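First the structure, in the form of structure tokens, and then the observations on it.
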Amino acid sequence: MDRATPPQAAAGVAKLVIESNEWRELAQDVAAASGRLLALWGSRSLVNGDVLRAVVVAPPRALLVTVPLQDGTRRFPGVEHVFPAAGRMQRAVFDLSGLRSSDPDTRPWLRHAAWPADAFPLATDAMPPSSPSPVDDYAFVRVEGDGVHEIAVGPVHAGIIEPGHFRFSVVGEKVLRLEERLGYVHKGIERRFTELKILDGHRLAARISGDSGVAFSWAYCEALERMSGLQLPGRALMLRALALELERIANHLGDLGALGNDAGFAFGLAQFSRLKELLLRATEQALGQRYLLDFLVPGGTHRDLAPDGAAALGRCVDRIEAEAQVLRGIYDEHTGVRDRFAGTGTVLPELAAWLGLVGLPARASGQPLDLRIDLPQPPYDALDVNRCVQHDGDVLARVTLRFEEIVESLRLVRQMLRALPSGAHIVPVSVPAAGSLGVGLVEGWRGPVVVGLEAGPDGAISRCHPQDPSWHNWPALEHAVIGNIVPDFPLINKSFNLSYSGHDL
Amino acid sequence: MLKTLRQIVRTGIVTEALPAAADELRVREALESRIREVLGRALCIRQVDAGSCNGCELEIHALGNPIYSLESAGIRFVASPRHADLLLVTGPVSRHMEVALRRTYDATPDPKLVVAVGDCGACGGIFGEGYASCGAVSNVIPVDVVVPGCPPSPTRILAGILAAISGSTAPQAIRANP
Numbered sequence: 001m002d003r004a005t006p007p008q009a010a011a012g013v014a015k016l017v018i019e020s021n022e023w024r025e026l027a028q029d030v031a032a033a034s035g036r037l038l039a040l041w042g043s044r045s046l047v048n049g050d051v052l053r054a055v056v057v058a059p060p061r062a063l064l065v066t067v068p069l070q071d072g073t074r075r076f077p078g079v080e081h082v083f084p085a086a087g088r089m090q091r092a093v094f095d096l097s098g099l100r101s102s103d104p105d106t107r108p109w110l111r112h113a114a115w116p117a118d119a120f121p122l123a124t125d126a127m128p129p130s131s132p133s134p135v136d137d138y139a140f141v142r143v144e145g146d147g148v149h150e151i152a153v154g155p156v157h158a159g160i161i162e163p164g165h166f167r168f169s170v171v172g173e174k175v176l177r178l179e180e181r182l183g184y185v186h187k188g189i190e191r192r193f194t195e196l197k198i199l200d201g202h203r204l205a206a207r208i209s210g211d212s213g214v215a216f217s218w219a220y221c222e223a224l225e226r227m228s229g230l231q232l233p234g235r236a237l238m239l240r241a242l243a244l245e246l247e248r249i250a251n252h253l254g255d256l257g258a259l260g261n262d263a264g265f266a267f268g269l270a271q272f273s274r275l276k277e278l279l280l281r282a283t284e285q286a287l288g289q290r291y292l293l294d295f296l297v298p299g300g301t302h303r304d305l306a307p308d309g310a311a312a313l314g315r316c317v318d319r320i321e322a323e324a325q326v327l328r329g330i331y332d333e334h335t336g337v338r339d340r341f342a343g344t345g346t347v348l349p350e351l352a353a354w355l356g357l358v359g360l361p362a363r364a365s366g367q368p369l370d371l372r373i374d375l376p377q378p379p380y381d382a383l384d385v386n387r388c389v390q391h392d393g394d395v396l397a398r399v400t401l402r403f404e405e406i407v408e409s410l411r412l413v414r415q416m417l418r419a420l421p422s423g424a425h426i427v428p429v430s431v432p433a434a435g436s437l438g439v440g441l442v443e444g445w446r447g448p449v450v451v452g453l454e455a456g457p458d459g460a461i462s463r464c465h466p467q468d469p470s471w472h473n474w475p476a477l478e479h480a481v482i483g484n485i486v487p488d489f490p491l492i493n494k495s496f497n498l499s500y501s502g503h504d505l
Numbered sequence: 506m507l508k509t510l511r512q513i514v515r516t517g518i519v520t521e522a523l524p525a526a527a528d529e530l531r532v533r534e535a536l537e538s539r540i541r542e543v544l545g546r547a548l549c550i551r552q553v554d555a556g557s558c559n560g561c562e563l564e565i566h567a568l569g570n571p572i573y574s575l576e577s578a579g580i581r582f583v584a585s586p587r588h589a590d591l592l593l594v595t596g597p598v599s600r601h602m603e604v605a606l607r608r609t610y611d612a613t614p615d616p617k618l619v620v621a622v623g624d625c626g627a628c629g630g631i632f633g634e635g636y637a638s639c640g641a642v643s644n645v646i647p648v649d650v651v652v653p654g655c656p657p658s659p660t661r662i663l664a665g666i667l668a669a670i671s672g673s674t675a676p677q678a679i680r681a682n683p
């Protein structure tokens, strides 16, 4: 990281332009410092033509790297050997922007057959033509040998979950290999951004992955506000953090219930889904919506805390804390549940480090990164967030981590309700100049959420790239299930609870 | 075990009364009322996410919590379209899910109902129609009831489901013992 001295240190994320042949070396430096590649996208810059952009973090530094590509080549050096998760990101960069990495896996990733292979939706002004048949034949890796057979699951799953395809190669009940195929809910979000005004884009950002609406809309607003160096009032920042922690608690409560259910303990689902409902109702009373998809707006928040909001949230927080503690005791003591959780779907810390896991599954495998602590943006720099880490990397570790993060977030909510600054909850935002570039980084409940935003002329968006932490963690799920039995897959999958929509864009 | 039982007793019954069927959400009069009477008493739903941001799924999940308690109204989610009377579809329908949605619809036995959930299922929502999005569910399969909202509340979704199956039947008749 030494050579990456920021020439123009913007708040939090430094910007750096490097030559194409320096990209691998920089990636290796970041990996050597236990850093992470958080986002990767292709763009057509007004100044440099075709560019590859990346966001890397190695606390306490974060960098937005721009790699201009020589005229005509549209190729860039691949870094899959440094960051395994980069493989799929690079394939997606080609599918959407037509920039090709030098890595060997050139199978399409987000493109199935809805548009032709030589049309790149983010590289043309004209809408790409639709192919007649949106069904194609994907080259799954075949496992061969005595008694090996395949189980194909999806895209329409048996439960109320998002669509994706899983191809298991199994012997008896034991999983030898899992290969994921995603992209089913690709709906052209990045191109849709370019049709919106930059002051309206937060609404789409909130709907990249509905369960992470606060995280994505905050990252979008942060990217936009950084372009103009806008300082938000303390109350606006604190209300945003309050919303983010409520989103974290709600999702964790939902997951803990679903995990109990997947382990055959329906009592857990009934109890936790009830607590989640109570929280959503208190959230609606305090901030106006059950899910806060429209709460964050550029310049602050759409509305202020309701007059009786603090009291309603306070009561709800106390109740959830007391009941979650009882339920944790029950989960801990239930031998059937423990038996299903412990030693299932393990990702050891060494593997997690090599795969570059981020967010909740990373912290359950001993990888401590938490942007709220390691790259704290206001108001988190003044909140003293306690780091929660587990080391066993199994379903039980991911369950335990959720219990601990709920306790910590409840504490933060209480602290924020007490210390909520007075003043405005929103300030005016100006339209950024064409060519401005901003990045937003937010630790959502699932992990670090990134939005890279480039301003076009007349208040337009020339490019917006959101990156969900699921990009980094989906490949880890393929490793986690190896050697487990097929019936444990839903449990393992739920313990990661990754986003399909946030990934497929 | 004692702790579990104590928690169950302490929680008590928290289920709320069903909402009235929201008849204004019905966009198609395709079924005879007699079929509604038959389906309304034990309705099986297959949920299909055809491209949603997963926000609608969160509220559909909430229907199963003890407060809305969908199952106590005789309505349940099933794992296969072949077991289903009603498809609950969220959108916008991505082009990559278009064929899967059609196949799911075809696999559902007649007579069948389709409820499109959310602004995106209703009209494409903020995603609209584009190179990868077909927009509204009704652009791909016939739809009986549309429940707008982003996401619509569980009560609203429930009112939409009841509108699809109840016809003129009063909702109280469906939940035997609230």
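Those protein sequences? They're chains U and A, same order as listed. Letter by letter, the first sequence follows residues 1 to 505 of this note's numbering. Letter by letter, the second sequence follows residues 506 to 683 of this note's numbering. Just so you know, even glycine gets a beta-carbon here, dropped at the ideal spot from N, CA and C. Just so you know, these numbers come straight off a predicted model, no measurement behind them.
For residue i, the nearest candidate out of the options (CA to CA)
i: D118 of chain U; options: U:G329, U:A158, U:D103, U:G98; result: U:G98
i: P349 of chain U; options: U:D370, U:G393, U:P376, U:A306; result: U:G393
i: F172 of chain U; options: U:I485, U:S436, U:N497; result: Note on residue identity: the sequence assigns Gly, not Phe, to residue 172 of chain U. Ranking the options by Cα distance to G172 of chain U, first place goes to U:I485.
i: G440 of chain U; options: U:P378, U:G456, U:R191; result: U:P378
i: A324 of chain U; options: U:K15, U:L37, U:H252, U:G213; result: U:H252
i: V385 of chain U; options: U:D308, U:N261, U:E245, U:T335; result: U:E245
i: G438 of chain U; options: U:R248, U:G147, U:G260, U:G452; result: U:G452
i: S20 of chain U; options: U:G12, U:G78, U:R36; result: U:G78
i: D50 of chain U; options: U:R74, U:L239, U:T301; result: U:R74
i: A555 of chain A; options: A:T520, A:H566, A:L563, A:V642; result: A:V642
i: I151 of chain U; options: U:K174, U:P163, U:I161; result: U:K174
For residue i, three-class secondary structure by DSSP
i: L204 of chain U; result: helix
i: F489 of chain U; result: helix
i: H157 of chain U; result: coil
i: S501 of chain U; result: helix
i: P448 of chain A; result: Outside the displayed range of chain A (506 to 683) lies residue 448 of chain A, so it cannot be described from this structure.
i: L296 of chain U; result: strand
i: I18 of chain U; result: coil
i: Q415 of chain U; result: helix
i: S462 of chain U; result: strand
i: E144 of chain U; result: coil
i: R191 of chain U; result: helix
i: K276 of chain U; result: helix
i: E150 of chain U; result: strand
i: A123 of chain U; result: coil
Beta-carbon proximity check, residue i vs residue j, cutoff 8 Å
i: D274 of chain U; j: N570 of chain A; result: Sequence check: residue 274 of chain U is Arg here, not Asp. The answer is yes: Cβ separation under 8 Å.
i: F94 of chain U; j: R88 of chain U; result: no
i: V691 of chain A; j: V583 of chain A; result: What is shown of chain A runs 506 to 683, which leaves residue 691 of chain A out entirely.
i: V450 of chain U; j: V67 of chain U; result: no
i: Y184 of chain U; j: S577 of chain A; result: no
i: W23 of chain U; j: F76 of chain U; result: yes
i: L278 of chain U; j: I249 of chain U; result: no
i: A352 of chain U; j: L313 of chain U; result: no
Contact set between residue i and chain A, taken where Cβ atoms lie within less than 9 Å
i: F140 of chain U; result: Those within 9 Å of F140 of chain U in chain A number zero; the least Cβ separation is about 17 Å.
i: V326 of chain U; result: K508, R511, Q512, R515
i: V185 of chain U; result: D554, A555, G556, S557, C558, N559, S599, H601, M602
i: F267 of chain U; result: T509, Q512, I513
8 Å Cβ cut-off: residues of chain U touching residue i
i: G560 of chain A; result: R207, G210, D211, G213, Y291, L293
i: V519 of chain A; result: R274
Distance between residue j and residue i (C-alpha atoms, nearest Å)
i: D504 of chain U; j: D458 of chain U; result: 29 Å
i: L196 of chain U; j: R463 of chain U; result: 10 Å
i: A513 of chain U; j: P104 of chain U; result: This structure cannot speak to residue 513 of chain U, because chain U is shown only from 1 to 505.
i: P7 of chain U; j: K15 of chain U; result: Bear in mind that the predicted position of P7 of chain U carries a pLDDT of just 37, short of 50, making it unreliable; the figure below should be weighed with that in mind. Near 7 Å, if we compare the C-alpha coordinates of K15 of chain U and P7 of chain U.
i: A547 of chain A; j: D590 of chain A; result: 9 Å
i: H391 of chain U; j: T609 of chain A; result: 42 Å
i: H157 of chain U; j: P586 of chain A; result: 10 Å
i: I426 of chain U; j: D294 of chain U; result: 14 Å
i: C628 of chain A; j: P597 of chain A; result: 8 Å
i: A322 of chain U; j: K187 of chain U; result: 42 Å
i: E180 of chain U; j: E478 of chain U; result: 7 Å
i: D211 of chain U; j: D146 of chain U; result: 43 Å
Under 8 Å by beta carbon: chain A residues contacting residue i
i: S273 of chain U; result: H566, A567, G569, N570, P571
i: S499 of chain U; result: N559
Partner residues on chain U for residue i, Cβ-Cβ distance less than 7 Å
i: I631 of chain A; result: R203, L204, R207
Residue i Cβ short of 7 Å to the ligand MG heavy atom set
i: R363 of chain U; result: Questions concerning the ligand MG fall outside what the structure shown contains, since it holds no ligand whatsoever.
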